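Report on the following structure.
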Amino acid sequence: MLIRRPSDVLPSEITPEALYVNRRDFLGRAAGAVAAAGFGSGLAAALPAKAGAQDDDPLTPYEDVTTYNNFYEFGTGKADPAETSKGFQTKPWSVKVEGLVKKPAEYQLEDFIKPHKLEDRTYRHRCVEALSMVIPWQGFPMADFIKRVEPLPSAKFIQFQTLLDPIRMPGQQRGVLPWPYVEALRLDEAMHPLAMFGTGLYGKTLLPQNGAPLRTIIPWKYGFKATKSIVRITFSEKMPRTTWNVANAGEYGFYANVNPEVDHPRWTQSKERRIGEFRRRATLMFNGYPAVASLYSGMDLRVNY
Amino acid sequence: MPFTLPLPLPPRVAAFAPPKATRWVVHVACALVVVIPAAMLASDLINNTRLLGSDPIKETEHIFGEWTLRMLMLTLFVTPIRQLTGWNWIQKYRRILGVWAFAIGCTHLLTWAAIDVQFDWPDTMADLTKRWYIMIGMAGWLLMLPLAITSTSGMVKRLGKKWVPLHNLIFVTVVLGCIHFFMAVKKDIEDPLIFAAFFAALFAWRIWMAMRKRAAAAASALPRARAA
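Sequences listed follow chains A and B, in order.
For reference, each letter of the first sequence is one residue, going 296 to 600 in my numbering.
For reference, each letter of the second sequence is one residue, going 35 to 262 in my numbering.
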């Protein structure tokens, strides 16, 4: 009998988790195809089961990604952001990094991005309104940035703030939400290899309606957890307030993990309509990114919605 | 000399009579409210034309929902317009508009059930028992049912004096419809507020008219009471 010596190299050190998560998707899909062909169901059962991963997740057309947006700073209608943000200037742009961090600084956008290697990553995007898209992003892992600025050991949370400028962002002239928009993550969530800063999509620089010039992308959370047009990043010890939670705590919690089992008080989250599709599809736990589950082990996700 | 409070609006003579074909014009206009979005939706779903944006199903649902309220509003505008202008002929369009409000309400409901949730019964039942805004909207639609059924001329005759109290249910439908709209939006309540403001004005007008009528009736009853 052969007993394999456990490797002292973690798989995650060889392959970025995002990549092997995708590979697992691929394996699951391949297994599904084999099973569908009528054999190898034993193999399919042996592989990590991942409901709903058999689909090919075709990209949502660029036109939809750039014209159907929720970005209340540019109006509350879905078509408003693309219209209202025309001519929005993102040069110059600076990002302030402050709070419990060894290297607080105000960066010019170029200096903020430059040290990082930009990657292409295609993620599912699930809106809290039961809509979804599949978007090919460009950006860099949030973890790389966090390591660079060296948070203090006391830092437990990271908060992101959108630009406050009611002239350039006319939606802020109405008190629909408490401005500026702020969102936050637990530091370990932000360090997860799936979390990233976005600078582009479809190989092009981000358009204002998608959060130019810098946004967060947290694919296992509802879209509103992302922060667009970021001007400030604050490390803190206490859980920061977040915009939708302040606006309506009963409906929008701090975590906002995609969870088909926890309904929005006014609608079900068990299904979603992928833009461009007619039939609704089942929503996957953590939006189909089960690798993040360990971040929440022992937590009641019904309470921490 | 008995004190008489004049009604605010003395009866006026109709300024003009409508052309004969008006009834058909109203029907065609109302039918277009259904046909145009439905055609756009079909085009979007079949040819991916994006006439209604990236989520044409939701958009159609919203269009029909808002038009249900608009038709209810038009229905409620008929009486004040008649009282203000003396165009008594306008009154007969009230029933036509009311029936169309019901018809468009049906398309709103059907779009939701058939195209949005696609008769997914577990989901639909969950929505119908758990979600207040859906239950309220549903109740508003259900209340229109008896009104639609009793909107024929035959039923108007048969019900006689009971017809008007029954059809006052439209006010309940309007209130439910507005609450449904308020609850359905995520945060921006501007549109529901505009609708609610119009309805509030229409309600206020009726209350004011009723108060004036009552005051006038009381005043004219006074001398007789004294004589007795």
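Positions of the beta carbon are idealized from the N, C-alpha and C atoms, including for glycine.
Quick caveat, the model's predicted, so the values are computed rather than measured.
(message) Taking DSSP's pairing of strands, which residues face A:S389 in a bridge?
(response) A:Q403
(request) Could you please give me the residues that DSSP links to A:T500 through a beta bridge? (result) A:G495
(message) Please identify the residue among A:P585, A:S589, A:T578, A:Y591 whose C-alpha is closest to the C-alpha of A:S427.
(response) A:T578
(request) Note down, in chain order, all residues in the stretch 560–576 of chain A with a beta-carbon under 9 Å from any beta-carbon belonging to chain E. (result) As a matter of chain content, chain E is missing from the structure shown, whose protein chains are A and B.
(message) Taking a contact to mean a Cβ-Cβ separation below 8 Å, would you say A:W432 touches A:L496 in this structure?
(response) yes
(request) Starting from the beta carbon of B:D78, find every residue of chain A whose beta carbon is closer than 8 Å, and list them in chain order. (result) Those within 8 Å of B:D78 in chain A number zero; the least Cβ separation is about 10 Å.
(message) So B:M217 contacts chain A; which residues on that side make the cut at Cβ distance below 9 Å?
(response) R561
(message) Applying the 10 Å Cβ sphere with the 16-neighbour rule, what's the burial state of B:G139?
(response) buried
(message) Would A:P555 and A:M534 qualify as a contact pair, given that the criterion is a beta-carbon distance under 8 Å?
(response) no
(request) Spell out whether any CB of chain A is found under 8 Å from the CB atom of B:A230. (result) no
(request) Step through the CB atoms of chain B and report whether any lies within less than 8 Å of the CB of A:Y363. (result) yes
(request) Pair every Cβ in the stretch 150–167 of chain B with every Cβ in the stretch 199–212 of chain B, then say whether three or more of these pairs are closer than 8 Å. (result) no
(message) For A:V392, count the other beta carbons within 10 Å of its own beta carbon; 16 or more makes it buried, fewer makes it exposed. Which is it?
(response) buried
(message) When you compare the stretch 405–414 of chain A with the stretch 430–447 of chain A, are there three or more beta-carbon pairs, one atom per stretch, that lie closer than 8 Å?
(response) yes
(request) Would you identify the three-state DSSP class for A:L338, choosing helix, strand or coil? (result) For A:L338, the pLDDT reaches just 35, beneath the cut-off of 50, and the residue's location in the model is therefore unreliable, although a value from the coordinates is still provided. Helix.
(request) Taking only beta carbons into account, state which residues of the stretch 165–187 of chain B come closer than 7 Å to chain A, listed in chain order. (result) R165, Y167
(request) Give every residue of the same chain whose Cβ lies closer than 8 Å to the Cβ of A:T653, excluding the five residues on either side of it in the sequence, and list them in chain order. (result) Residue 653 of chain A lies beyond the residue range present for chain A, which begins at 296 and ends at 600; the question has no answer from this structure.
(message) I need the straight-line Cα distance from A:V396 to A:V360, nearest angstrom please.
(response) 35 Å
(request) List the whole-angstrom C-beta distance separating A:F530 from A:I453, where the pair is believed to meet the contact cut-off of C-beta under 8 Å. (result) 6 Å
(request) Counting only the same chain and skipping the five closest in sequence on each side, list residues whose C-beta sits under 7 Å from that of B:F216. (result) I223, P226
(message) Any beta carbon of chain B sitting closer than 8 Å to that of A:T522?
(response) no
(request) Counting only the same chain and skipping the five closest in sequence on each side, list residues whose C-beta sits under 8 Å from that of B:C212. (result) L103, P226, F229, A230, F233
(request) Drop a sphere of 10 angstroms on the beta-carbon of B:I183, count the other beta-carbons inside from all chains shown, and report buried for 16 or more, exposed for fewer. (result) exposed
(request) Can you give me the start and stop residues for the alpha helix (DSSP H) that B:I149 sits inside? (result) From DSSP, B:I149 is part of no alpha helix (DSSP H); its letter is neither H nor E.
(request) Please go through the stretch 515–550 of chain A and give each complete alpha helix (DSSP H) segment of 4 or more residues, from N-terminal end onward. (result) 538–542
(message) If distances are taken between C-alpha atoms only, which option among B:P114, B:A148, B:T141, B:I130 comes closest to B:I235?
(response) Inspection of the sequence shows that residue 235 of chain B is occupied by Ala rather than by Ile. Looking at the Cα atoms, B:P114 is the closest of the given residues.
(request) Taking 8 Å as the cut-off, decide whether the C-beta atoms of A:N552 and A:Y591 are in contact. (result) yes
(request) Counting only runs of 4+ residues fully inside the stretch 427–485 of chain A, write out the alpha helix (DSSP H) ranges in chain order. (result) 437–444
(message) Per DSSP, what are the beta-bridge partners of A:W562 in this structure?
(response) A:H559
(request) Could you work out which residue in A:D375, A:I525, A:D558 is closest to A:S389 when comparing CA atoms only? (result) A:I525
(request) Could you check if A:P503 is buried or exposed, using at least 16 other CB atoms within 10 Å of its CB as the buried criterion? (result) buried
(request) Buried or exposed for B:K126, please, with buried defined as at least 16 other CB atoms from any protein chain shown within 10 angstroms of its CB. (result) exposed
(request) Kindly indicate which residue of B:V206, B:G194, B:T186 has the alpha-carbon position closest to the one of B:I170. (result) B:V206
(request) Go through its chain and collect everything with a Cβ distance to A:Y363's Cβ below 6 Å, but skip five positions before and after it. (result) K373
(request) Give the C-beta separation of B:E95 and B:W146 to the nearest angstrom, bearing in mind that I take them to be a contact with Cβ-Cβ under 8 Å. (result) 6 Å
(message) Cβ closer than 8 Å: which chain A residues qualify as neighbours of B:A147?
(response) Neighbours of B:A147 on chain A: none; closest Cβ ~13 Å, over 8 Å.
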